[in-house]
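Novice:
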Amino acid sequence: MPEGHTIHRAARLQSAALAGAPVTASSPQGRFADGASLLDGRVLQGIEAVGKHLIYRFEDEVALHVHLGLFGRFDTHRNRVPDPRGSVRLRLAGHAATVDLRGPTTCEIIDLPDEERLMARLGPDPLRADADPERAWQRISRSRRAIGALLMDQSVLAGVGNVYRAEALHVEGLHPEREGRSLSRDEFDRLWTTIRGMLRDGERAGRIITVSAADAGVPRSRIPRGQRTYVYRQRQCRSCGAPVRAWEMAGRRAWACEQCQL
DNA sequence: AAGAATGTTATGTA
DNA sequence: CTACATAACATTCT
126 MPEGHTIHRA
136 ARLQSAALAG
146 APVTASSPQG
156 RFADGASLLD
166 GRVLQGIEAV
176 GKHLIYRFED
186 EVALHVHLGL
196 FGRFDTHRNR
206 VPDPRGSVRL
216 RLAGHAATVD
226 LRGPTTCEII
236 DLPDEERLMA
246 RLGPDPLRAD
256 ADPERAWQRI
266 SRSRRAIGAL
276 LMDQSVLAGV
286 GNVYRAEALH
296 VEGLHPEREG
306 RSLSRDEFDR
316 LWTTIRGMLR
326 DGERAGRIIT
336 VSAADAGVPR
346 SRIPRGQRTY
356 VYRQRQCRSC
366 GAPVRAWEMA
376 GRRAWACEQC
386 QL
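Next comes the structure, spelled out in structure tokens:
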């Protein structure tokens, strides 16, 4: 489910619904009982998104760290709150909504040093105002690893996942196997800008939009399969019609049009 | 109903 | 020290 845009959107929406007042925290299946009781009744001060990580700041310097991983998701209930179904790790009830967290890869209470360690191992997040692209450029321009692998490395750049990797490299005409150090400064700058734009569109729309921002208001189901992405999970390149090559890279499936991407 | 999927980390190997 | 492969973990959907 989540690439960076999902996380930033969740931070914004949940901050509005939960922050500023004491929260009721529970762990319906008892899978996070200790954490939930520690959070219960505390005021949530705000939620911060960094890459694909979320940090919920509570009073008394108590913080909750959440990472959705591949399967995690949030269910937000604004009216009737249903009985928890499936594996709800944590339920947070606030003044405007109740949020269920299911299937996260990480859900833990952290202290300040933990938080600093986390921040230290994350590269710049293009969705954040404080992001410094220079840090990513330093890593990429000195690496002989493939750009397709570098983009997935959260210590190089935080927030990009498998879909944006495929789509952003396609838009920029870059082959995923190009060595990082072979990119010109100009190619890197464009790539950064494209990634940031895609993440922003995704955050605003609540889903991944890489082909046309005009699709933003259109429900995903109304967009024909072959038109949702350029190469990601496509058989043919949406730009030129050539067959899309798919192969394993950095542990995930990579997709590219070898006509358009060099 | 096996397998894939918008992810990360630890560990082993070269 | 770097790079790559593999396993492990989370859950839902086709």
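Each residue of the first sequence is one higher than the one before, starting from 126 at the first, in my numbering. Glycine included, C-beta positions come from ideal geometry on N, C-alpha and C.
#1: Check whether the Cβ atoms of Gln361 and His295 lie closer than 8 angstroms to each other.
#2: For the beta strand (DSSP E) holding Leu215, just list the boundary residues, first then last.
#3: With a 10 Å radius around its C-beta and 16 neighbouring C-beta atoms as the bar for buried, classify Met126 as buried or exposed.
#4: Please determine if the region 306–318 and the region 365–385 are in contact, where contact requires at least 3 C-beta pairs separated by less than 8 angstroms.
#5: Mapping the DSSP letters down to three states, classify Pro147 as helix, strand or coil.
#6: Let me know if Gln359 comes out buried or exposed under the rule of 16 or more other beta-carbons within 10 Å of its beta-carbon.
#7: Report the CB separation of His133 from Glu328 in whole angstroms; it is logged as a contact under 8 angstroms.
#8: Three-state secondary structure (DSSP) at Pro258?
#9: Could you check the C-alpha separation between Pro344 and Ala218 for me, to the nearest Å?
#10: Considering only their Cβ atoms, is the gap separating Gly284 from Leu252 smaller than 8 angstroms?
#11: How about His190 and Glu233: do their beta carbons lie closer than 8 angstroms?
#12: Work out the CA separation of Gly376 and Val369 for me, nearest whole Å.
#13: Does DSSP classify Tyr357 as helix, strand or coil?
#14: Looking at Leu169: is its Cβ nearer than 8 angstroms to the Cβ of Phe183?
#15: List the residues that DSSP assigns as beta-bridge partners of Leu226.
#16: Within 10 Å of its beta-carbon, does Phe196 have 16 or more other beta-carbons around it, so buried, or fewer, so exposed?
#17: Using the C-alpha atoms, what's the distance from Gly171 back to Ala371?
#18: Run through the DSSP bridge pairs and tell me what Arg377 is partnered with.
#19: Find the nearest neighbour of Ala261 within the set Glu292, Glu312, Leu215, His300, judged by alpha-carbon distance.
#20: Return helix, strand or coil for Leu324, following the three-state DSSP convention.
#21: Grab me the residues of Asp165's own chain with a C-beta within less than 8 angstroms of its C-beta, minus the 5 sequence neighbours each way, in chain order.
#22: Could you tell me the distance, in whole angstroms, from the CA atom of Val175 to the CA atom of His202?
Specialist: According to the structure shown:
#1: no
#2: 213–218
#3: exposed
#4: Between the region 306–318 and the region 365–385, the count of Cβ pairs shorter than 8 angstroms is below three; the stretches do not touch.
#5: strand
#6: buried
#7: 5 angstroms
#8: helix
#9: Distance between the alpha carbons of Pro344 and Ala218: 29 angstroms.
#10: Taking 8 angstroms as the Cβ cut-off, Leu252 and Gly284 qualify as a contacting pair.
#11: yes
#12: Between the C-alpha atoms of Val369 and Gly376 there is a straight-line separation of about 19 angstroms.
#13: Of the three classes helix, strand and coil, the one that applies to Tyr357 here is coil, per DSSP.
#14: yes
#15: Phe199, Leu215
#16: The residue is exposed, with fewer than 16 neighbouring Cβ atoms inside 10 Å.
#17: 41 angstroms
#18: Bridge partners of Arg377: Met374.
#19: Glu312
#20: helix
#21: Short of 8 angstroms from the beta carbon of Asp165, and not among the five residues preceding or following it, lie these beta carbons of its own chain, in chain order: Val148, Thr149, Ala150, Ser151.
#22: 24 angstroms
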